[in-house]
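Okay, structure first, notes after.
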Ligand SMILES: [Mg+2]
Ligand SMILES: [Mg+2]
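Here it is as structure tokens:
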């Protein structure tokens, strides 16, 4: 049997951007405090919900427009483009994409709440070009419904991945973030956690799922 | 057996945007002639290649910078946002999405050739919001590699759909456009053609593939 003649489909790794490659949480808190120095804020250690607004609700009595202020931070042009990369993330992404018969895609959702606010997506492509290069712009998949993407694994900080395809067509790996640190995995759609890009555990994890599929 | 208890995955229709929902070809020629009234141009009846540049190459001797001029037309901010909808396309998209157990997604590729040019994607979301509403922004999937999307059918004017998944994970329906009108289907990846959104043939086509899958 000549294996060289027939290649199987590559193993496809989907990497979420916010909170997986880009430090959304740290950047959000910094920008919020700069923009609203006199407002109450949620330190990273107190984050509990995926949506920022769910954590800022508790301030509504003392600061009635806190939710629109909280939203304005990430809806302001420049926010998504200015996020610092998470430590080790870009090096890991490049290493994974260098593995034999592996393809990496960046899989990110657009803002869809406020009419007219669509610059976030442009900034995510600019961010990708700046930090990873034009070749990686071709690897970005922007979709609200990630179940529509043919990945083998999705590394994402969102606790519950939902969409039109059920069950999930990929293994969800929960990337640990300040907002999901407290969660039991049974309260998520994830098979396991990845805590960081620095201690080498991502290599074991990727190898494991490559063998399983 | 209680069928109501268990719903199968919805039938997923992927609609390309340029030349399927939005009149790229007509808008391109109009904008080119307005911007470069003294340059030679390719009328719609003479379009032969998917990439505009492949059809404008023939003018390079008489107009040495014709290719960068040709590219500048669609790289200029405002081009993608200003495309008129193709006749009947938006009504058909809404009708398809209203069918039982059917989900429609708009599946479009970003420009990836010129560093710094990423506004096209923002304009495509603005276009979607303007012509179809915010709910449809959630149905846009932006990806250079459409084989990564879990569709059942993809209606696209591009003759050859390529990506990391081979064979194509969906049926490709070639939407007829001035640049592909002359092609034999055997020179494409498509199973069949859809010529327009106005004569009702899309209904027969969608029903046929819904039954097949
Ligand atoms: Mg995220
Ligand atoms: Mg097209």
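Protein chains in written order, with the UniProt record's numbering: chain A, 1 to 213; chain B, 1 to 213.
C-beta atoms are modelled at their ideal positions from N, C-alpha and C, and glycine is treated no differently.
Here the structure is a predicted model, which is why all the values come from computation and not from measurement.
| Check | Outcome |
| --- | --- |
| I'd like to know whether the C-beta of residue 167/A is nearer than 8 angstroms to at least one C-beta of chain B. | no |
| Would you check whether ligand 2 has a heavy atom nearer than 7 angstroms to the C-beta of residue 46/A? | no |
| Does the Cβ-Cβ distance between residue 17/A and residue 106/A come in under 8 angstroms? | yes |
| In whole angstroms, what separates the C-alpha of residue 21/B from that of residue 115/A? | 21 angstroms |
| Looking at residue 121/B: is its Cβ nearer than 8 angstroms to the Cβ of residue 125/A? | yes |
| So, does the segment 172-181 of chain A touch the segment 42-52 of chain A, judging by three or more C-beta pairs under 8 angstroms? | yes |
| Is residue 19/A near ligand 1, judged by its Cβ being under 7 angstroms from some heavy atom? | yes |
| What are the residues in the segment 103-119 of chain B lying within 7 angstroms of chain A by C-beta distance? | 103, 105, 110, 112, 115, 118 and 119 |
| Within its chain, find whatever has a CB closer than 6 angstroms to the CB of residue 117/B; leave out the 5 residues flanking it on each side and keep chain order. | 75 and 111 |
| Might you give, ordered along the chain, the residues of its own chain that have their beta carbon closer than 6 angstroms to the beta carbon of residue 172/A, omitting 5 neighbours on each side? | 154, 161, 189 and 190 |
| Using a Cβ-Cβ distance under 8 angstroms, would residue 47/B count as near chain A? | no |
| Quick check on the DSSP output: what are the complete beta strand (DSSP E) runs of length 3 or more inside the segment 74-107 of chain A, in order along the chain? | none |
| On the three-state DSSP scale, how would you describe residue 172/B? | strand |
| Report the residue from 135/A, 130/A, 27/A and 70/A whose alpha carbon sits nearest the alpha carbon of residue 54/A. | 70/A |
| What's the gap between the Cα of residue 164/B and the Cα of residue 145/B? | 7 angstroms |
| What did DSSP end up calling residue 32/B once you bin it into helix, strand or coil? | helix |
| For residue 193/B, which beta-bridge partners are listed by DSSP? | 174/B |
| For residue 193/A, collect the residues of the same chain with a Cβ closer than 6 angstroms to its Cβ; drop the 5 residues on either side in sequence, then sort them by chain order. | 174 and 176 |
| Considering only the alpha carbon of each residue, which of 56/A, 143/A, 14/A and 24/A lies closest to residue 78/A? | 24/A |
| Does ligand 3 have even one heavy atom less than 7 angstroms from the beta-carbon of residue 158/A? | Among the ligands present in this structure, namely ligand 1 and ligand 2, ligand 3 is not found. |
| Round the Cβ separation of residue 93/B and residue 29/B to the nearest angstrom and send it over; I've been treating them as touching at under 8 angstroms. | The pair is not a contact, with the Cβ atoms about 24 angstroms apart (cut-off 8 angstroms). |
| Going along chain A in order, which residues have a C-beta closer than 7 angstroms to the C-beta of residue 125/B? | 110, 118 and 121 |
| Could you tell me which of 59/B, 8/B and 14/B sits nearest to residue 141/B, measuring between CA atoms? | 14/B |
| Once you ignore the five residues that flank residue 119/A on each side, which residues in its own chain have a CB closer than 6 angstroms to its CB? | 77 |
| What residues in the segment 143-154 of chain A bring their beta carbon closer than 7 angstroms to a beta carbon of chain B? | 143, 144, 148, 149 and 150 |
| Using the C-alpha atoms, what's the distance from residue 206/A back to residue 83/B? | 43 angstroms |
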